[in-house]
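Below is one structure, written out as structure tokens; the observations come after it.
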Amino acid sequence: MLWAETASPNLVYNGTDNTAITVGRFGESVYSQIRRFVVVKVHRQRHFVYACAISTYGDQGVLKPGCNASEHTIVYLRGQQPVYLRGERERGMEKDPIQIEPTDDREQMKPASRVRLGKIHPIEWNVKVRDIGMVSPGDMSKLVRYYREENDSGFDADDY
4 MLWAETASPN LVYNGTDNTA ITVGRFGESV YSQIRRFVVV KVHRQRHFVY ACAISTYGDQ
64 GVLKPGCNAS EHTIVYLRGQ QPVYLRGERE RGMEKDPIQI EPTDDREQMK PASRVRLGKI
124 HPIEWNVKVR DIGMVSPGDM SKLVRYYREE NDSGFDADDY
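In the numbering used here, the protein residues as written are 4 to 163.
Written out as structure tokens, the structure is:
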């Protein structure tokens, strides 16, 4: 899907055709790019989904400074092998990889692709997306478990 957010001052344009920095309505820089997501929860009556973003973090995986490795795992396409970058396990990425069954066998995914299960994004059903595939049936329960582990903690009744 096309994803847009405020561009940080230290953002480095990666020079690919799927990213752009434009000036928004109030003169602020807006960064947009095509992003991939894994849908983790469907709200049929409310017409939106919760999804977790897939990123390579500039081909650094979870070695990118500031990245919380423990809330990520490898996401890879059937026919590929999951690849850990040297140092990722030591940084705390311990969850088993999640395999995707691609809709199109020509689909590609970089070896450094990681899904961040600790941050969810609501995506409305009227947003244009492209289907890249489904989580493999053998990994679906693992995905749900990881999602719940990362998101079922937070506010306690005494916190507010």
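We put the beta carbon where it would ideally sit given N, CA and C, even for glycine. Every value quoted in this text rests on a predicted model; they were computed, and no experiment measured them.
Exposure of residue i, with buried meaning 16 or more beta-carbon neighbours within 10 Å
i	result
Asn21	Low per-residue confidence applies at Asn21: pLDDT is 48, beneath 50, and the placement is therefore not dependable enough to give any value.
His75	buried
Ser58	buried
Glu107	The sequence given here places Asp at residue 107; Glu does not occur at that position. Exposed.
Ala7	exposed
Ser32	exposed
Any non-hydrogen atom of the ligand PLP within 7 Å of residue i CB
i	result
Val33	Questions concerning the ligand PLP fall outside what the structure shown contains, since it holds no ligand whatsoever.
Proximity to residue i [Cα-Cα], best of the options
i	options	result
Ala56	Val41, Arg47, Leu66, Cys70	Val41
Asn71	Tyr150, Gly121, Glu152	Gly121
Ala23	Asp142, Phe29, Leu5	Leu5
Pro68	Val86, Asn154, Gly90	Gly90
Asn154	Ala54, Arg49, Arg28	Ala54
Bridge-paired residues (DSSP) for residue i
i	result
Met137	Glu104
Within 8 Å, strictly: CB atoms of residue i and residue j
i	j	result
Val147	Met96	no
Val132	Ile101	no
Leu80	Pro105	yes
Arg39	Ile135	yes
Per-residue DSSP class, three states only, for residue i
i	result
Lys44	strand
Val132	coil
Glu152	helix
Glu110	coil
Arg89	coil
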